[in-house]
Every structure is written in structure tokens, then in C-alpha cells.
DNA sequence: GACTGACCTTGATACAGATCAAAAAAAGGA
DNA sequence: TCCTTTTTTTGATCTGTATCAAGGTCAGTC
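Protein chains in written order, with our numbering: chain A, 1 to 247; chain B, 1001 to 1247.
Spelled out as C-alpha cells, the structure:
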């Protein structure tokens, strides 16, 4: 993938479709196009960004905070199908109806682009389309990895898998420190975790307690988690590799 | 999506990345490029097309038959993460190592394109990249829909969901006949179904028997299935809509 | 036509996780 | 600060699916 990043974005961490901070910092030509079609929206924890079926006139990128994509059955059974962390993209060019409900699971800042002009930009700048394809393929891989978690892992392995993912993303963005203890804030309620993992919140709570008892993790309060040994956690997750930790 | 199909492929059912028969029939300019980089490979039921981790020098499109993408844990637990039906595409531009094991679940014919030239073609013909993005987004939606199946549906609902998908795809390609009984051949063993659904083959067998007993389906032999009333099956699948049946 | 092996079905039992219920711990709000 | 509400933990019990174990069916082959 590295070799496919277009020259325009080579040194730009704030590419419109993968920025980590604020897009305005980026000085590529394309951003001139985007400048007047973008705007920011913030949401507080628990607020809905949009509902499945809503008209969706924009695509967006997460600047900070965490959002979830969920699907709900008629009888209320809910499954989270994606977790949007900073730099993740939401919205589908060519479709103006939202397929999933998007909810802020923590305070959230999104950078939105009006859909039509964004689509035009994609059509006129092939390398952005290219970047978007890569990101979509990455998401597809993530979704498929999650299918293994949902279909074949035990409750304990599921929890460990989720904690690994969050720890990994947190470490990648912040003070990465391989081999040392890792502390991070869980951006999800027990219920949201359950919805992601296909479990009940009681089972999530029990397994969290079990991981704590077995000293795989330490809990400060209910949300602050310390992982003394990342390898142990990955072992509990049943991963056959380090899953690209810190990559 | 419809409006995004490029002019070159407007009337071409055999677009290289979405053909239904044989690509050679297509007379677009791009296909001249593809003509000398493509070749066909056939596999018999049960044969492996490639293993996860293999070097992968081509991308491919299913011409006929069915293949599966699977992921396996160290201890042997297996999860199917995708079902490749005719016109489906496999392979990722920009990555030459296969992430999943690809297996022919029935006799299979694939149309392969050498990877490097294919990537070049993508770079030089934006509308193919565009088409590929659309297809990837469709796959992502399918993967996410399957996450709901894996995470929240009961065994019976899972079986009904799988049968619906196969019936739908079969109907779309063949003699569609809404409102009438639908008969098709199951291209999967009970074990493959189990791997797709995150169940054991015994549970699959029991639920198939139950659906037969309840007259949701009829079995002729072990693989030939008749669905007298598609709506009933969709009801069993717990789908809140017709899921795009015949679309 | 009976032998073989792969695939499928059915039965008995075990167990992981769901469900129902209540208490404990935080988080707000007056 | 106390009171209310929400979130989390823990306990008791139930249930759907896994597991273990036979037996049945069918296609291919000698």
C-alpha cells in the first residue's frame, strides 16, 4: 500500500480521507477543492450521527473520538458492524441513503464533506479514488477478520480480541511503547461491547472480571484499562499472529 | 450505482471484473489490454485455488461454479468469510500475498489476470478503478450483513439466511420467477455451510431437517432444494426486508 | 451386486452463554 | 449532600448449540 500513496499526499498525515488531525493543515492541490465543501460537526457520547435509512448528504472522516456502525433487527437484536476510530472514513460515494446507524460512543468530532462535490473530486482525481479503494479494502479485511471472531471465538477470546484492537489503535496513535504496559480508556459501554461481540452485557462483564482476576488486564474505575503484557492478551485472543500490532 | 457504470461497459455483461460468462465477448477498448494478460483455470470440487499466505500473482473473476474464502485458527477452527459466486472478484490490487484460503466448493472456472498488468490497467483506466471500488463496497456491505447473521441470529435463522442468499443469486442468474417455487442445487457440503454460519455440521443437519419438517423447504437428495414460498423462508431468516431479492 | 469411503442424519448428554433477578457502584442533579 | 438514575457486577437458573457416538445413505469401484 505504501507505494501506492499518491505524491500529493506523500507527506500528508491529514489527507482528506485519512486525516488524523485537521484537514486544513494539508497543502495539497486537492484540498483547495475540498476547502469549501467541508465542515465540522461534533457529537457528545451517546448521540446518534444518523439512522439507518436516513438521507445522507455527506461523507465524513473521524477527527477525534469513537463512533459505531450498527444494524438492528425488527425485534431489537443489535449488531455493531464497525467501529470508527480517528482517521476512519464513513459514507459511500454513489449512495445517498445510510445503510447503518452511526452513533457516537464517546465525544466525537467529524470532518464532513458534501457528497456531490466530494464525488466530483473523486472522479477528477484518480489517486484519491485509489486511496479510497485501499481504505475500503482494509475495512473489508477488518470486517472479515471480525467474522472469525463472531463465528468461532469463545466469549473470553472475543473480549480479548476487542481489547487488543483498541489497545493497538490507541498505541499506534499515541505513545507506542512495545514490550511495556499499555494503558488506555475504553470508549465503549459494556452494552456496546456486547453489541460488537455478539454477546450479552452480562457475559461481557463476567469475562472482564475473569480477565482481571487472571491478571491479563487491570481495571481502574470501569473504563480505564491497563494491559501489563500485550502478548498475553493476544494469546487470550487466540490470534495466531500479532495481528500487525503497532503497524 | 447504475449511473456510475462507465460508458465503455454500459452494455457489457462481461466486464473483466464482473463478467458472467467469458470476458472475450466484451468489445470495449480496455479488453484489448486485458486480452493478453488473461487466462482461464478450472478446479474440481474440493480443490484449493490457493492457501492463505501464498504468493498471489493474479487477480481473478469467477466464471462458473462456487468458491469460498476461509480463515483458520491454529487449533483448526475455521470460518468462511466469503462466498464467491459467478461474477465475483477475488484478489487485491497492491497486495501479492493471499489473506484467505480459496477453495472450490463445486466445479469452478476462473478467469485470471496477471496482477501487475491488471494494476497498470486500473491506474490507466479510472472507470475500472471506479467499478472496482463499487464492487468492494458491495462486498463490504455483504460482509457486514453477515456479521449480523453470525453475531445475533439463531441456528435456524442462519440456515434460512444462507439458503435465501443462494436462492437469490441463483434466481438472479437463471430463470427468475417471483412468487413461484424456486429449485436450486446447494453448492456446499454441510460442513462448508457450518463453516460459513459459525455452527457445527450436526447443527446444520438438524436445522435443515427441521426446515424440511416444517415445510419451509423440500429436499430431493441431499443437495437439491425447493423453496415453495420464498417469503416464508425470508421470514425464517429474520430479515426485516426482502434483502433485495431479485435485484 | 456387495464393498468402500465420503457424506449426512439422528440420538444422548454436556456446557457456554443467555436470561431473569437483585445488589453494588458510579454519575448526575437538586 | 442526599437522592435519583444509569451502568456495572454478581448470582441462580435455563436453554440452544456443541460434543460424543451410532447408524444411515449414496456414488463409485472392484
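Note that the Cβ used here is the ideal one computed from N, Cα and C, for glycine as well. Because the structure is a prediction, the values reported are computed rather than measured.
How about residue i and residue j: do their beta carbons lie closer than 8 Å?
i                       : j                       : result
residue 1059 of chain B : residue 1086 of chain B : no
residue 198 of chain A  : residue 1082 of chain B : no
residue 1143 of chain B : residue 171 of chain A  : no
residue 54 of chain A   : residue 98 of chain A   : yes
residue 1196 of chain B : residue 1056 of chain B : no
residue 1182 of chain B : residue 1167 of chain B : yes
residue 136 of chain A  : residue 1136 of chain B : yes
residue 1189 of chain B : residue 1155 of chain B : no
Between the C-alpha atoms of residue i and residue j, what's the straight-line distance to the nearest angstrom?
i                       : j                       : result
residue 1210 of chain B : residue 120 of chain A  : 52 Å
residue 159 of chain A  : residue 1187 of chain B : 34 Å
residue 1076 of chain B : residue 96 of chain A   : 42 Å
residue 1235 of chain B : residue 133 of chain A  : 35 Å
residue 1117 of chain B : residue 1129 of chain B : 14 Å
residue 184 of chain A  : residue 230 of chain A  : 12 Å
residue 1208 of chain B : residue 1091 of chain B : 33 Å
residue 153 of chain A  : residue 1146 of chain B : 16 Å
residue 1140 of chain B : residue 1205 of chain B : 29 Å
residue 232 of chain A  : residue 1074 of chain B : 16 Å
residue 1215 of chain B : residue 215 of chain A  : 52 Å
residue 123 of chain A  : residue 1127 of chain B : 9 Å
residue 157 of chain A  : residue 61 of chain A   : 30 Å
residue 1088 of chain B : residue 228 of chain A  : 44 Å
residue 1047 of chain B : residue 1237 of chain B : 31 Å
residue 131 of chain A  : residue 49 of chain A   : 25 Å
Can you name, in chain order, every residue of its own chain whose Cβ lies under 6 Å from the Cβ of residue i, other than the five neighbours on each side?
i                       : result
residue 1200 of chain B : 1194
residue 72 of chain A   : 78
residue 1107 of chain B : 1044, 1045, 1065
residue 1051 of chain B : 1101
residue 218 of chain A  : 226
residue 1063 of chain B : 1109, 1111
residue 1037 of chain B : 1113, 1114, 1117
residue 169 of chain A  : 85
residue 1223 of chain B : 1185, 1186
What would DSSP say about residue i, mapped onto helix, strand or coil?
i                       : result
residue 1055 of chain B : strand
residue 147 of chain A  : helix
residue 1128 of chain B : helix
residue 39 of chain A   : strand
residue 135 of chain A  : helix
residue 1049 of chain B : strand
residue 1064 of chain B : strand
residue 1193 of chain B : helix
residue 203 of chain A  : helix
residue 268 of chain A  : With chain A covering only 1 through 247, there is no way to say anything about residue 268 of chain A.
residue 80 of chain A   : strand
residue 1095 of chain B : coil
Spatial neighbours of residue i within its chain, please: CB distance less than 7 Å, with the 5 preceding and 5 following residues excluded, ordered by chain position.
i                       : result
residue 41 of chain A   : 110, 112
residue 70 of chain A   : 78, 79, 80, 81, 100, 101, 103, 195
residue 1221 of chain B : none
Kindly indicate if chain A contains any beta-carbon less than 8 Å away from that of residue i.
i                       : result
residue 1151 of chain B : yes
residue 1132 of chain B : yes
residue 1187 of chain B : no
residue 1126 of chain B : yes
residue 1140 of chain B : yes
residue 1050 of chain B : no
residue 1129 of chain B : yes
residue 1073 of chain B : yes
residue 1227 of chain B : no
residue 1077 of chain B : yes
residue 1053 of chain B : no
Check whether the Cβ of residue i lies closer than 8 Å to any Cβ atom in chain B.
i                      : result
residue 148 of chain A : yes
residue 109 of chain A : no
residue 192 of chain A : no
residue 29 of chain A  : At residue 29 of chain A the pLDDT is 49, less than 50, meaning the model places this residue with poor confidence; the figure from the coordinates comes in the next sentence. Residue 29 of chain A does not count as touching chain B.
residue 261 of chain A : Missing from the structure shown is residue 261 of chain A; chain A here goes from 1 to 247 and no further.
residue 137 of chain A : yes
residue 160 of chain A : no
residue 82 of chain A  : yes
residue 45 of chain A  : no
residue 91 of chain A  : no
residue 144 of chain A : yes
residue 99 of chain A  : yes
Kindly list the residues whose CB is nearer than 8 Å to the CB of residue i, restricted to its own chain and excluding five residues on each side of it in sequence; keep chain order.
i                       : result
residue 239 of chain A  : 161, 164
residue 1192 of chain B : 1068, 1080, 1105
residue 212 of chain A  : 218, 219
Do residue i and the ligand NAD come close, with the Cβ less than 7 Å from some heavy atom?
i                      : result
residue 185 of chain A : Of ligands this structure carries none, so the ligand NAD is not represented either.
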